[in-house]
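What follows is a single structure, written as structure tokens, with notes after it.
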Amino acid sequence: MHQNWQNTKQGDKLLKMPGKLDRGPIDFKSRVFETDGEVMGVATRDVISAPPTTRIIDAVEMMTSYGFRRLPITDAGTHRLRGIVTARDIIDLLGGGDHYNLVRVKHHGNLIAAINESVRSIMTQRVRTIPDSASVAEVTETIVTQKIGGLPIVNDEEVVVGIVTERDVMKALATEETDVVVEEVMSAGLRVTGPDTPIGTVTREMIAHGFRRLPIVSDDVLFGIVTASDIMKYLGNGEIFNRLSTGDVGEVMALPVRTLVSGDLYTTVPETNINDAALKMLQKKVGALPVIEDGKLIGLITEFDLVKAFSQE
1 MHQNWQNTKQ GDKLLKMPGK LDRGPIDFKS RVFETDGEVM GVATRDVISA
51 PPTTRIIDAV EMMTSYGFRR LPITDAGTHR LRGIVTARDI IDLLGGGDHY
101 NLVRVKHHGN LIAAINESVR SIMTQRVRTI PDSASVAEVT ETIVTQKIGG
151 LPIVNDEEVV VGIVTERDVM KALATEETDV VVEEVMSAGL RVTGPDTPIG
201 TVTREMIAHG FRRLPIVSDD VLFGIVTASD IMKYLGNGEI FNRLSTGDVG
251 EVMALPVRTL VSGDLYTTVP ETNINDAALK MLQKKVGALP VIEDGKLIGL
301 ITEFDLVKAF SQE
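Counting from 1, one number per residue, gives the positions in the sequence shown under full-length UniProt numbering.
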């Protein structure tokens with residue numbers, strides 16, 4: 001079913017830690033289910049999509065309302081896939097990368113004018129998809145090797161019939177018990193930022209390095225974590241307009257990133273079993289857990305790390 005509708009130095013800080021263990025190559029088909037069509041058993045079938053004529057602000061509000069990181073763009077009548085908009089595209093628009101030219105050049109910095117453009121101006125048109133006949137093994141291999149957080153599922157007519165994400169695959173694979181702990185598979189060598197870093201600097205860091213999230217550290221203590229979705233929500237829930245007086249995007253992107261940090265911060269420790277880490281992520285509906293030891297941040301474990309780890313077990 002379809003329903004349309006700081007400073008720079010702080011932002012460039014690298015937290016160096018010991019590297020994670022190398023768990024060797026992955027044989028996806030021997031480790032993960034490989035029944036044809038099984039992807040539809042773990043995917044979301046009730047796909048929310050939007051036509052290419054949708055205004056950017058309407059797409060962002062839709063994504064914020066439903067808690068989506070990505071929104072398929074489809075023809076209104078046929079539901080054939082035409083593109084996709086992600087939280088990354090939105091932070092790119094707000095100052096992170098090439099999409100920012102829509103604001104800075106075409107609309108001379110006027111954010112309100114830019115977000116009233118159609119979503120086709122920022123959507124990714126060449127979308128990696130997965131067929132509805134795919135197995136979970138094939139989806140897992142695509143996610144791990146291509147480092148893609150979510151894939152639209154299409155039928156033979158290129159009609160979107162579902163969407164599958166890292167979280168869906170992690171949930172399916174985490175049912176198998178393992179002795180692996182967080183320390184073995186966590187991401188190390190983290191790039192972090194400070195609470196007073198401007199939001200605009202954070203968006204540029206994320207786009208430049210391909211990050212979806214940045215830990216915020218103050219005096220070696222974890223202050224919080226900011227994600228691409230948090231920055232997108234800043235626009236989607238209207239908060240950005242409450243702080244906008246001139247209409248210029250630079251005004252709101254100069255605010256410190258601590259403005260976006262919520263009071264909820266969920267963490268884990270190095271010796272936690274990855275089954276327990278996956279369960280906590282699913283219960284708290286978060287995509288990553290900072291790893292804390294002796295009161296300090298030593299790593300980050302993400303849905304991607306867990307999908308990769310479970311596929312190796």
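Even glycine gets a Cβ: it sits at the ideal position worked out from N, Cα and C.
Give me the residue from the options with the minimum Cα distance to residue i.
i	options	result
Thr64	Met232, Leu244, Arg191	Met232
Leu71	Thr78, Gly83, Gly77	Gly83
Leu282	Val139, Ser49, Ala174	Ala174
Ile240	Ala172, Ile115, Ser49	Ile115
Leu188	Pro270, Glu205, His99, Leu279	Reading off the sequence, residue 188 comes out as Ala, not Leu. The shortest Cα separation from Ala188 among Pro270, Glu205, His99, Leu279 belongs to Pro270.
Asp98	Met123, Ala113, Asn273, Thr78	Met123
Glu166	Val291, Glu313, Ala43	Ala43
Asp219	Gly295, Thr201, Arg212	Gly295
Arg120	Met253, Asp75, Gly67, Ala288	Asp75
Thr86	His79, Gly77, Arg104, Ala50	Ala50
Glu158	His79, Thr142, Lys284, His108	His79
Tyr66	Asn155, Arg126, Val47, Ser245	Val47
Ile288	Glu303, Met62, Gly238	Position check: residue 288 holds Ala in this sequence, whereas Ile was assumed. Comparing Cα-Cα distances from Ala288 to each of Glu303, Met62, Gly238, the minimum goes to Glu303.
Gly200	Met62, Ala277, Asn155, Tyr100	Tyr100
Which partner residues of residue i appear in the DSSP bridge assignment?
i	result
Asp248	Asn110
Ile57	BP columns for Ile57 are empty, so no partner.
Ser118	Arg55
Ser187	Leu300
Leu214	Val226
Arg70	Thr86
Thr165	Gly150
Asn273	Val181
Ala288	Thr302
Glu293	Lys296
Pro198	Pro256
Does the separation of the CB atoms of residue i and residue j fall below 8 Å?
i	j	result
Leu214	Leu297	no
Pro198	Arg258	no
Val102	Leu190	Reading off the sequence, residue 102 comes out as Leu, not Val. In this structure, Leu190 does not lie closer than 8 Å to Leu102 by Cβ.
Val60	Leu260	no
Val160	Leu255	no
Val307	Val39	no
Gly150	Arg45	no
Val182	Thr268	yes
Asp132	Ile112	no
Gly96	Thr272	no
Asp230	Asn110	no
Ile207	Ile91	yes
Can you list, in chain order, the residues of its chain with a C-beta nearer than 6 Å to that of residue i? Leave out the 5 residues immediately preceding and following it.
i	result
Gln10	With a pLDDT of only 45 at Gln10, under the threshold of 50, the placement of this residue in the model should not be trusted; the figure read from the coordinates follows. Around Gln10: Thr193, Gly194, Thr197.
residue 314	In this structure the chain extends from 1 to 313, so residue 314 is not present and cannot be described.
Ser118	Thr53
Arg88	Ala228
residue 354	What is shown of the chain runs 1 to 313, which leaves residue 354 out entirely.
Gln125	Gly83
Asn237	Thr64
Who are the near neighbours of residue i in its chain, counting only those whose CB is closer than 7 Å to its CB and skipping five residues on each side?
i	result
Glu313	Arg31, Glu176, Thr178, Val180
Ala172	Val42, Val136
Gly210	none
Val226	Val202, Arg213, Leu214, Ile216, Val257, Leu260, Val261
Val286	Tyr266
Ile57	Ile115, Asn116
Ala278	Met170, Ala174, Leu306
His107	Ala113, Ala114
Lys284	Tyr266
Ala134	Val39
Beta-carbon within less than 8 Å of residue i's beta-carbon, same chain only, minus the 5 sequence neighbours each way: which residues are those?
i	result
Val164	Val39, Val42, Ala43, Thr44, Ile130, Val139, Gly150, Leu151, Ile153
Thr142	Arg128, Ile130, Ile148, Leu151
Leu244	Leu111, Ile112, Glu251, Val252
Glu293	Val269, Pro270
Gly162	Val39, Met40, Ala43, Thr44, Arg45, Val47, Asp132, Pro152, Ile153
residue 351	For the chain, the structure presents residues 1 to 313; residue 351 sits outside this window and is missing.
Pro18	Low confidence applies here, because Pro18 scores a pLDDT of 47, under 50, leaving its location unreliable; read the following figure in that light. These residues qualify, in order along the chain: Ala188.
Gln146	Arg128
Asn155	Pro131, Asp132, Val161
Met1	With a pLDDT of 49 at Met1, under the threshold of 50, the predicted position of this residue should be treated as unreliable, though the coordinate-derived value follows. Cβ within range, chain order: Arg45, Asp46, Val47.
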